[in-house]
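Structure first, then comments.
Number of protein chains: 2
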Amino acid sequence: MSIDIFNEISKSNAIMDKALEERFKTNEPIVSILLDAEHYSVMSGGKRVRPFLTLEFCHLFGGKTEAALPFGMAVEVIHNSSLIHDDLPCMDNDDMRRGKPSCHIAFGEANALLAGDALLLYAFELCAENKDVEPSTALEAIAVLAKATGNFGMVGGQVIDLYGDTHTLDFDTLIKLHSLKTGALIGAAVKLGCLAAGVASDSEEYANACLYAKNIGLTFQIIDDILDARAGEEAPEKTTFLKFMSESEAFEYAKDLTDKAIAAIKKYEGSDVLIAFAEYLLNRDK
Amino acid sequence: MSIDIFNEISKSNAIMDKALEERFKTNEPIVSILLDAEHYSVMSGGKRVRPFLTLEFCHLFGGKTEAALPFGMAVEVIHNSSLIHDDLPCMDNDDMRRGKPSCHIAFGEANALLAGDALLLYAFELCAENKDVEPSTALEAIAVLAKATGNFGMVGGQVIDLYGDTHTLDFDTLIKLHSLKTGALIGAAVKLGCLAAGVASDSEEYANACLYAKNIGLTFQIIDDILDARAGEEAPEKTTFLKFMSESEAFEYAKDLTDKAIAAIKKYEGSDVLIAFAEYLLNRDK
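Keeping their order, the protein sequence lines are chains A and B.
Heads up: the first sequence begins at 1 in our numbering, then just goes up one per residue.
Heads up: the second sequence begins at 1001 in our numbering, then just goes up one per residue.
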């Protein structure tokens, strides 16, 4: 039976949307400005591929949706925090996000900055209050998430990205940039799904899930570079994969990574959705 | 025996400085920019009153320094994150902090923004890796810290503060502003000290520690307003306590709060340092 990956993502998104929707409401005056800015960003129609991975890996290894849900939400709110901060004038200075004014255009720079901060913090509140896992598991998830997002994770990757605006990066640094900026949070999404299912972080299952995450994360970025180049949206100052190889070589490289991702998980019953997802990331045209 | 509170704070600071100093070093190229910005801010000679409270409450209730240290560091790095973000041009636009160029002046706005983000995240890594407390205790500490700093804590207070730049606040909102913006993190510092000592969050000791924190937090702010007014540094658009009462009435109000703070903890053996600290906050002249 062939998998309709869009339908699978859409089912996961319906669960996440419902869970997130209620989280940014308050009767508290003034503070409601902050919650409105967070709601505006979190509920603005992102693809939610990270929490999809959290739920899928939890299901793959026999866990329950309730245990994965707070972890998936945590990953998603951190992702949205990074988008709000990335869009700020001192960073990428993007006025539009997902077809709407960016958070700082809609709510002002200071409120956007604070909304991003609050979302980072809220992620840990969500993880700490996950009552469907053991305390030691929630704690491990928090350590994984904090490391994946901090100095040697997402934020470290953002610093390399900024540096790349004014410096040419070598190939290894380009790989490091993407491994940290986007790869680390994708890795955390997958790891938190495994932890929610009770998979130990020193198990073979966990290691295979990490391999999958690492390879699809890089694939995602290579295909992004190819699509940007085709659309003529390649920022001239940015080092991309196409500075090091032709488009067809880049696609072959991504295909090889996708094969590795699939090989890491195909032996697990129920991995067909994750296989279809990896193929979708490789073959997408937008 | 009379307590030399400066000596007590200085002993605590020596412990914190030593523990924090090593945390912001890396051989990783480029990411070192981020760590340098964090080190610059965290090691720039803050008074570290929050981790002092964490260590003191841990000692008061019979806990060990090692158990309180990661929690105190976590509180301190979050405090420094908030200062970095508060100084940014879109917030208070302060070029100087502790007698030195602010983080964004020294490292650029984007790196300062990211350094603040990374410090928020690092706080949770520190808490999650506290091996000197039970996993359930570390988890409780994380929940306390995330709530105290997020939407209905520090960041919520920053939003009320911003709102107060262009709106007159009533007395209750002024109290809420300070309870959230500075009070919540002071409360978390005290609570994390209690948790590190194994004090249960539903105990009388914990409730009394919270009372102490609440009352010294507000005292701190009232005295700040008095000192700013005396120095002629009162921002004209800001609502302060002196909009609602005379200087002597404000001092009496703060003295009453300090009495309540002391009453909450004086029955505990070894509370003389915390009593001296509350009196110092009330009677300080800078």
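In this text, a Cβ means the ideal position worked out from N, Cα and C, and glycines have one as well.
Beta-carbon spacing of residue i, residue j below 8 Å
| i | j | result |
| --- | --- | --- |
| B:L1060 | B:Y1253 | no |
| A:C127 | A:I142 | yes |
| B:E1109 | B:P1070 | no |
| A:E8 | A:R50 | no |
| B:E1125 | A:K243 | no |
| B:A1311 | B:I1216 | The shown model of chain B, from 1001 to 1286, leaves out residue 1311 of chain B, and the question about it has no answer. |
| A:K191 | A:A209 | yes |
| A:G187 | B:Y1122 | no |
| B:G1063 | B:A1213 | no |
| B:C1103 | B:D1087 | yes |
Residue i at chain B interface by Cβ criterion, 8 Å
| i | result |
| --- | --- |
| A:F107 | no |
| A:F244 | no |
| A:V133 | no |
| A:I175 | no |
| A:A74 | no |
| A:Q221 | no |
| A:I30 | yes |
| A:A146 | yes |
| A:L113 | yes |
| A:I84 | no |
| A:Y163 | yes |
| A:V159 | yes |
| A:A110 | yes |
| A:A118 | yes |
| A:S136 | yes |
Simplified DSSP state of residue i, which is helix, strand or coil
| i | result |
| --- | --- |
| A:R97 | strand |
| A:R50 | helix |
| A:S41 | helix |
| A:L346 | With chain A covering only 1 through 286, there is no way to say anything about residue 346 of chain A. |
| B:D1092 | coil |
| A:S179 | helix |
| A:S2 | coil |
| A:M245 | coil |
| A:Y280 | helix |
| A:G217 | helix |
| A:G309 | This structure gives no information on residue 309 of chain A, because the portion of chain A shown stretches from 1 to 286. |
| A:N27 | coil |
| B:D1225 | helix |
| B:V1077 | helix |
| B:F1071 | helix |
| A:E129 | coil |
| A:P135 | helix |
| A:K255 | helix |
| B:N1151 | coil |
| A:Y163 | helix |
| B:K1260 | helix |
| A:S10 | helix |
| A:T65 | helix |
| A:Y288 | Residue 288 of chain A lies beyond the residue range present for chain A, which begins at 1 and ends at 286; the question has no answer from this structure. |
is_contact[residue i, chain A] using C-beta, thresh 8 Å
| i | result |
| --- | --- |
| B:C1194 | no |
| B:G1187 | no |
| B:F1071 | no |
| B:L1139 | yes |
| B:F1171 | no |
| B:C1090 | yes |
| B:T1149 | yes |
| B:E1129 | yes |
| B:L1121 | yes |
| B:V1155 | yes |
| B:L1034 | yes |
| B:Y1206 | no |
| B:F1057 | no |
Burial state of residue i, where buried means 16 or more other Cβ atoms lie within 10 Å
| i | result |
| --- | --- |
| A:N80 | buried |
| B:T1168 | exposed |
| B:T1240 | buried |
| B:D1117 | buried |
| A:R97 | buried |
| B:S1041 | buried |
| A:G164 | buried |
| A:F6 | exposed |
| A:G270 | exposed |
| A:A67 | buried |
| B:N1111 | buried |
| A:F171 | exposed |
| B:G1232 | exposed |
| A:E237 | exposed |
Distance cut-off 7 Å: residue i Cβ against heavy atoms of the ligand SAM
| i | result |
| --- | --- |
| B:I1175 | Looking for the ligand SAM in the displayed structure turns up nothing, as the structure carries no ligands at all. |
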